[in-house]
Amino acid sequence: MNKSAQVIQPPNTLRQKVGGGFGGIDAGAIAKAEEALAAMADQFGAWLQDELDKMDTAWAAIQTDGYTVATAEGLYFRAHDLKGLGGTYQYPLVTRLAGSMCRLLDNAEQRMDAPLPLLQAHIQAIKAVVRDKIQTDDHPVGRALAEELEGQVAAFKA
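In short: position in the sequence shown from 1, add 23, done, that's my numbering.
Rendered as structure tokens:
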């Protein structure tokens with residue numbers, strides 16, 4: 024018994040709907056956005072300090088009210104924000120350190136087990152690298168801080 028089949032390929036109109044492939048990205052718009060970001064660079068320090076102040080406030084809440092679900096979540100949100108903003112504010116090392124802190128706090132079910140001294144060490148490290156203008160882990164102190172904290176987080180998580 025000979026059965027033949029016909030394969031029907033429906034047209035893929037997605038590319039037309041979204042304006043083509045990556046060639047549809049307007050290079051001029053990207054350049055304009057980069058210029059705008061560069062123009063705001065003078066404000067990055069103040070904005071980063073605002074984020075550090077928020078982290079300090081979250082840590083102070085833990086010291087005052089205790090390490091509760093609410094205060095732990097507040098600190099997690101501050102670490103998460105710093106993880107996202109560090110690179111934007113020209114401090115990729117802050118992103119790395121805050122990312123390590125987030126690994127301690129990411130899992131809401133295990134968040135309450137995070138060692139407070141290790142959280143405090145992350146906060147102090149983030150503040151120190153900003154204070155001393157250590158922007159990347161190319162700096163030996165920055166690299167040592169990041170590696171030590173990441174190692175402690177990995178050991179705790181193991």
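Heads up, the beta-carbon is just placed ideally off N, CA and C, and yes, glycines get one too.
- In the three-state DSSP reduction, residue 162 falls in the coil class, being neither helix nor strand.
- CA-CA distance, residue 52 to residue 60, rounds to 12 Å.
- Shown here, residue 29 sits in coil according to DSSP, grouped into three states, outside any helix or strand.
- Under the criterion of beta carbons closer than 8 Å, residue 149 and residue 120 qualify as touching, at roughly 5 Å.
- The region 54 to 87 contains no complete beta strand (DSSP E) run of 3 or more residues.
- Counting only the Cα atoms, residue 62 lies some 25 Å from residue 103.
- Rounded to the nearest whole angstrom, the CA to CA distance from residue 159 to residue 143 is 21 Å.
- Setting aside the 5 residues that flank it on each side, residue 95 is surrounded in the same chain by 85, 128, 134, 135, 137, each with a C-beta closer than 8 Å to its C-beta; the list follows chain order.
- Only residues of its own chain outside the window of five on either side were considered, and among them 106, 109, 110 have a CB closer than 7 Å to the CB of residue 118, listed in chain order.
- Within the region 132 to 176, the runs of alpha helix (DSSP H) at least 4 residues long that lie entirely inside it are, in chain order, 139 to 154.
- In its own chain, leaving out the 5 sequence neighbours on each side, no residue places its CB closer than 6 Å to the CB of residue 73.
- Across the set 39, 56, 67, 26, the C-alpha of 67 shows the shortest separation from the C-alpha of residue 153.
- Rounded to the nearest whole angstrom, the CA to CA distance from residue 170 to residue 112 is 22 Å.
- With at least 16 other beta carbons inside 10 angstroms of its own, residue 123 counts as buried.
- Residue 157 counts as buried, since at least 16 other C-beta atoms from the protein chains shown sit within 10 angstroms of its C-beta.
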